[in-house]
Amino acid sequence: MSGNNNHHSNGYSSISPNRVERLLRERRRRFDRALQLTDHHHHHHHHDHDHDEEFLESVLNEVKESKEGRARAYRQRLLVVANRLPVSAVRKAEDCWQLEISAGGLVSALLGVKEFEAKWIGWAGVNVPDEIGQRSLTKALDEKRCIPVFLDEEIVHQYYNGYCNNILWPLFHYLGLPQEDRLATTRSFQSQFDAYKKANQMFADVVNSHYEEGDVVWCHDYHLMYLPECLKKYNSKMKVGWFLHTPFPSSEIHRTLPSRSELLRSVLAADLVGFHTYDYARHFVSACTRILGLEGTPEGVEDQGKLTRVAAFPIGIDAERFIRALELPKVQELIKELKERFDGRKVMYADFYICLISRRLDRVDGNAFPMMPMRIGLAVTESCGVCPNILVDARRTRQ
93 MSGNNNHHSN GYSSISPNRV ERLLRERRRR FDRALQLTDH HHHHHHHDHD
143 HDEEFLESVL NEVKESKEGR ARAYRQRLLV VANRLPVSAV RKAEDCWQLE
193 ISAGGLVSAL LGVKEFEAKW IGWAGVNVPD EIGQRSLTKA LDEKRCIPVF
243 LDEEIVHQYY NGYCNNILWP LFHYLGLPQE DRLATTRSFQ SQFDAYKKAN
293 QMFADVVNSH YEEGDVVWCH DYHLMYLPEC LKKYNSKMKV GWFLHTPFPS
343 SEIHRTLPSR SELLRSVLAA DLVGFHTYDY ARHFVSACTR ILGLEGTPEG
393 VEDQGKLTRV AAFPIGIDAE RFIRALELPK VQELIKELKE RFDGRKVMYA
443 DFYICLISRR LDRVDGNAFP MMPMRIGLAV TESCGVCPNI LVDARRTRQ
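Under our numbering, residues 93 to 491 are what the sequence shown spells out, in order.
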C-alpha cells in the first residue's frame, strides 16, 4: 500500500522509561561507591567523580532527547475528512484559482485542534473535469494544507443533493423520509444510495493515497457514514474516528431507513464514534443493539470481540475569540447602529434587550420560534439568516 512510512524512520527518540530507570540506578551505585573511598584513594575518587558527572550528563541528555522525541511524536498527523474543504475555489483561468476561507460550522468547530499536524481532505465545491484544472487546484490547495476530492456533477447531484440532503438530513432531524423514497426498491433511492457509496469510496481512495503509518483519520458527519468501512478495508490498523454533527435519531426512526444496517455496520468499523450529546450516543448504541442485534456496553458496541467506543464530545465555542471580536470597529459600529435604531423604547418594569439571532435558513432550524418571545414586549429580536452551504439550485428547492 502506498504511503505507509514507519515513525521510527523519522529519527524519533524511542528510549523507554525502563532504560532511564536502569541508567539512574547505575549512576546511584557509582556515586555511593565513590563516597566510600578514603583520602588515601583521593586521585581514584576524583576520577570516579568525573566519570559520574559525565555519566549523569549522558543520562540527562537521553532523557531530554526522549521528551523531545515524545513531543514530536505527540504532534502526529491528523487527516480531517469532511464533505467540504474549509476553502471555496473560484476558477480564474485554465490553471489559476482563487481560494477563500469558508465560514462553516465544521471549520469553526475544528479551530481549536492545534496539537496535531492537520491536513484536510474534502470536495472543493466545484466541478473540475479537466486534468490541467485538477493539477493546478491541487497545487493551490496544498498551500492551505488541503487535499481535494474531485466529484463530477452527477455524483454530487445524487450523493450530496440526493442521499445526504434529501434522505439522511431530514431523517436525522425526525422529519422522516420523502414519500417517494420510503421503499428500498424505488429506483431514485437506490441510485442515490449507490452514488453515496461511490462518493465515499472516492474519499477513501484519496485518504489512502496520502495516509502514512501513525496518522489519525477523523471522518465527519452524515455525508461520510460509509467511509470508515472503506478505510478499514485498505488498512485494518488505520486509526479511524467518526463524528456526527447532527442529532442521531431514535432506533424507531432510524429503522425506517432502507440502508440502516449497512450504514450502522460501516460506522462501527471506526475505532471511536463521537456525538454532540449523550442522548445521541445512546440512540446510536440502541440502534446497533435493536437493528443489528449486537451487544451494547458502557464503553460502546461490541461485535465478535471488536469494541467500537462510543462517546459524547460536546463542542463549545472559542469565547475569547468572540470577546476580541466585540472590540473590532465594525462590530462596535453595528452595536451603535442597533442602539440608535431602538433608542427610546420603553418597557414597564423591565430592562430592554436586543437579541441578535443568526440561523441557517433551513426547515429544521426552527426559524419561526425566535419571532415568538416567551415574554412579549421584553425583547426586540433582530434576526439574520445564513443560507446552507449547498448548490444554488438545491437551495432554491429547499427554501
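In this text, a Cβ means the ideal position worked out from N, Cα and C, and glycines have one as well.
Does residue i pass the burial test, meaning 16 or more other C-beta atoms within 10 Å, or should it be called exposed?
i: residue 286; result: exposed
i: residue 345; result: buried
i: residue 321; result: buried
i: residue 400; result: buried
Return yes when the C-beta of residue i is under 7 Å from any heavy atom of the ligand FAD, and no when it is not.
i: residue 422; result: In the structure shown, the ligand FAD is absent, as is every other ligand, since no ligand is present at all.
Would you mind reading off the limits of the beta strand (DSSP E) that contains residue i?
i: residue 322; result: Segment 319-326 is the alpha helix (DSSP H) holding residue 322; no beta strand (DSSP E) there.
i: residue 190; result: 188-193
i: residue 214; result: 209-215
i: residue 240; result: 238-241
So, helix, strand or coil for residue i, using DSSP?
i: residue 344; result: helix
i: residue 130; result: Any answer about residue 130 is weak, because its pLDDT of 44 lies below 50 and its placement is not dependable; what the coordinates show is given next. Correct three-state label for residue 130: coil.
i: residue 312; result: strand
i: residue 391; result: coil
i: residue 290; result: helix
i: residue 351; result: coil
i: residue 171; result: strand
i: residue 368; result: coil
i: residue 220; result: coil
i: residue 255; result: helix
i: residue 225; result: helix
i: residue 295; result: helix
i: residue 233; result: helix
i: residue 267; result: coil
i: residue 376; result: helix
i: residue 305; result: coil
i: residue 386; result: coil
What residues match up with residue i in a beta bridge as DSSP calls it?
i: residue 339; result: Answer is none; residue 339 lacks a bridge partner.
i: residue 334; result: 311 and 365
i: residue 183; result: 189
i: residue 399; result: 394
i: residue 176; result: 215
Hey, quick one: how far does the alpha helix (DSSP H) through residue i stretch, first residue to last?
i: residue 262; result: 261-264
Whole runs of the alpha helix (DSSP H) within the segment 402-438, excluding any shorter than 4 residues: 411-418 and 421-433
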